[in-house]
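In the numbering used here, the protein residues as written are 2 to 457. From the three backbone atoms N, C-alpha and C, an ideal C-beta is built for every residue, glycine too. In this text, all values refer to a predicted model and were calculated from it rather than measured experimentally. Structure first, then comments.
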Amino acid sequence: MARTGFPDDLYGDLVSSGPGGAAAKRLGLPVPPRLRRYAPGQEFLTGPAVVLRAGAAPVADDVAVWLAAAGAHVLADLDAAGDERLGAVVVDATAARRVEDLGRLRELLAPAFRRTARNGRVLLLGAVPAEAGEGPGGVEARAVQQGLDGLVRSLAKEARGGTTVNLLRVAEGAGGALRSPVEFLCSARAAFVSGQPLLVGPAPAVPAAAPGRERRVAVVTGAARGIGAAIAEVLAREGAHVVCADVAAAGEQLARVANRVRGSALTLDVTAADAPRVLAEHLRRRFGGADVVVHNAGITRDRSFVNLDAEAWDSVLGVNLAAPLRLTEGLLGTDGALAPGARFVCLSSINGLAGAKGQANYAASKAGLVGFVQALAGPLAQRGMAVNAVAPGFIETPMTAAMPPVPREVGRRASSLQQGGLPVDVAEAVAWLASPGAGGIDGQVLRVCGQHLTGA
Ligand SMILES: NC(=O)c1ccc[n+]([C@@H]2O[C@H](COP(=O)([O-])OP(=O)(O)OC[C@H]3O[C@@H](n4cnc5c(N)ncnc54)[C@H](O)[C@@H]3O)[C@@H](O)[C@H]2O)c1
2 MARTGFPDDL YGDLVSSGPG GAAAKRLGLP VPPRLRRYAP GQEFLTGPAV VLRAGAAPVA
62 DDVAVWLAAA GAHVLADLDA AGDERLGAVV VDATAARRVE DLGRLRELLA PAFRRTARNG
122 RVLLLGAVPA EAGEGPGGVE ARAVQQGLDG LVRSLAKEAR GGTTVNLLRV AEGAGGALRS
182 PVEFLCSARA AFVSGQPLLV GPAPAVPAAA PGRERRVAVV TGAARGIGAA IAEVLAREGA
242 HVVCADVAAA GEQLARVANR VRGSALTLDV TAADAPRVLA EHLRRRFGGA DVVVHNAGIT
302 RDRSFVNLDA EAWDSVLGVN LAAPLRLTEG LLGTDGALAP GARFVCLSSI NGLAGAKGQA
362 NYAASKAGLV GFVQALAGPL AQRGMAVNAV APGFIETPMT AAMPPVPREV GRRASSLQQG
422 GLPVDVAEAV AWLASPGAGG IDGQVLRVCG QHLTGA
């Protein structure tokens, strides 16, 4: 990794130095901010936090307590900040129902937004528009809550210096399930998540771990390199035993990753006819079931739609979509293959949300995963399990290093954070969705893309 924190990004490296940065500014070229990522023992925030109340603000008090418990210095109000820049600004707008409420929100937020520190966090808390829109005055209430979406996406584009802006829509009865999403989005773990709405619902009761089971067990497909290897590392850091799965041809790399994370390696081609049975039996026999399943293995075979032959189509749909479906079915159908409360996380892509030239096969597979997650969430919730997807944007991996230079440079600059993300950014989001605290998030797609223009 480069010393400056812009690995494989020569331009980012150049302009992050004093003279390079000054020259880029003079020429009106982008100067990507250096993002603050998670490091053990670091401060939770880059400055004090303030929790603003837009109206009745029913969750503000809890949020202030949670932020303080996570290590934030929570100020009584904005005036208490003195000259200090703010590490986090959280606004409880869950009670906003009238157009005038948005005006009051602007008055409240603008002075605080102006004073965010580098790598600061701005988090708006809203209601779920459909819930706010029930009863008399419902249409206006729903419109106002939807308005928060445009506000957040715009502020994320205006934010400077690595500051992120996100929206949590708090469903009725979400209660304590809001805590973990607030902590995650305010933390350095969410450095590449911005301009995102996410819905938080009530968390299902967490089933008791089986007696004698000390560590959670996670399986990650495609773990030999890139994003999969980073996911294995972060899950291990968070205390899980990670079963790292990949094809036989990746054997040496796979063994290295498994050793590094003190997990275990499993040779598995996810498209093999017996893969569902092999995986389910492995997890049942060796571990008494998996707590976390990450469908990460993915491939591209890019070419224009008319030039896509059956091989290029079938291989991409086979690895990226059919395999997660079949593996999940096999795991759900095998008693003991999954631990109570298991979490699934799928790797989608912003190109699946927006479409991409030359990637009709890939985009179909990645959009298919979104449908998969949405369809599976309800039935899984009845079994106390959850499933979500992460949609990475431009991430610096061997996959994107293989792109031609011009599209690669355009791709990495076309986000509000003006740089490619790192595999660890995706891994942090996956590990958070897989964590016990994230129980209020289900059937959703979390973009990890620095608010990329694609599919925004
Ligand atoms: N890199 C990005 O910018 C980006 C953006 C959006 C989404 N994604 C998605 O994230 C995931 C990981 O991407 P990456 O960039 O790390 O890719 P990568 O090519 O670096 O790694 C993919 C891994 O999957 C493994 N794999 C491929 N086919 C397999 C099979 N049949 N069975 C088991 N393992 C198999 C490969 O051996 C490899 O280790 C993919 O699903 C990809 O589509 C990546």
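- According to the DSSP assignment, ASN362 belongs to the alpha helix (DSSP H) that extends over 361-383.
- Looking from the CA of GLU132, the closest CA among VAL145, LEU125, PRO399 belongs to VAL145.
- Taking a 10 Å sphere around the C-beta of GLY441, we find 16 or more other C-beta atoms and assign the residue as buried.
- For the region 68-131, the full-length alpha helix (DSSP H) segments reaching 4 residues or more read 100-114 along the chain.
- In the same chain as VAL258, and ignoring 5 residues on each side of it, the C-beta atoms closer than 7 Å to its own belong to ALA224, ALA225, ALA230, ALA233, CYS245, in chain order.
- The Cβ atoms of VAL92 and LEU110 sit closer than 8 Å to each other.
- Going by C-alpha positions, GLY369 is about 10 Å away from GLN375.
- Annotation for ARG413: ASP10, PHE395, GLN420, GLY421 place their beta carbon closer than 7 Å to its own, counting only its chain and skipping 5 residues before and after.
- Shown here for LEU46: same chain residues with a beta carbon closer than 6 Å to its own, the five before and five after excluded, namely ALA73, GLY88, ALA89 in chain order.
- The C-beta of ASP62 has fewer than 16 other C-beta atoms within 10 Å across all chains shown, which makes the residue exposed.
- Taken from the Cβ of ILE396, at least one heavy atom of ligand 1 lies inside 7 Å.
- If you ignore the 5 residues before and after VAL294, its C-beta comes within less than 8 Å of the C-beta of ALA219, VAL220, LEU328, THR329, LEU332, LEU339, ALA343, ARG344, PHE345, VAL346, all in its own chain and listed in chain order.
- A contact between stretches requires three or more CB pairs, one per stretch, nearer than 8 Å, and the region 133-143 fails this requirement with the region 13-27.
- By the 16-neighbour rule on beta-carbons within 10 angstroms, GLN197 is buried.
- By the 16-neighbour rule on beta-carbons within 10 angstroms, GLU429 is buried.
- With 16 or more other CB atoms across the displayed protein chains lying within 10 angstroms of its CB, LYS367 is buried.
- Annotation: the continuous beta strand (DSSP E) that includes LEU267 extends over 265-268.
- For ARG448, the enclosing beta strand (DSSP E) begins and ends at 446-449.
- By the criterion of a C-beta distance shorter than 6 Å, MET386 is surrounded in its chain by ALA343, once the five residues flanking it on both sides are discounted.
- Of the other Cβ atoms in all chains shown, 16 or more fall within 10 Å of the Cβ of LEU156; this residue is therefore buried.
- Here ASP247 carries a strand assignment [DSSP, helix/strand/coil].
- Looking at the DSSP output, SER416 bridges to HIS453.
- Among the bridge pairs identified by DSSP, THR222 is matched with ALA246.
- Excluding residues up to 5 positions away in sequence, ASP303, ARG304, SER305 lie with their Cβ nearer than 7 Å to the Cβ of GLY359 in the same chain.
- Inter-residue distance for PRO41 and ARG238 is about 10 Å (C-alpha atoms, whole angstroms).
- Bounds of any beta strand (DSSP E) do not take in PRO399; it lies within the alpha helix (DSSP H) bounded by 399-402.
- With a cut-off of 7 Å, the C-beta of MET400 is classified as near ligand 1, since at least one heavy atom of the ligand falls inside that distance.
- For PRO424, the closest alpha carbon among the candidates PRO380, ALA191, SER417 is that of ALA191.
- Per DSSP, the unbroken alpha helix (DSSP H) holding ALA432 starts and ends at 424-434.
- Judged by beta-carbon spacing, ASN362 lies within the 8 Å limit of ALA313, meaning their Cβ atoms are closer than that value.
- Per the coordinates, the alpha-carbon of ARG216 lies some 43 Å from the alpha-carbon of SER18.
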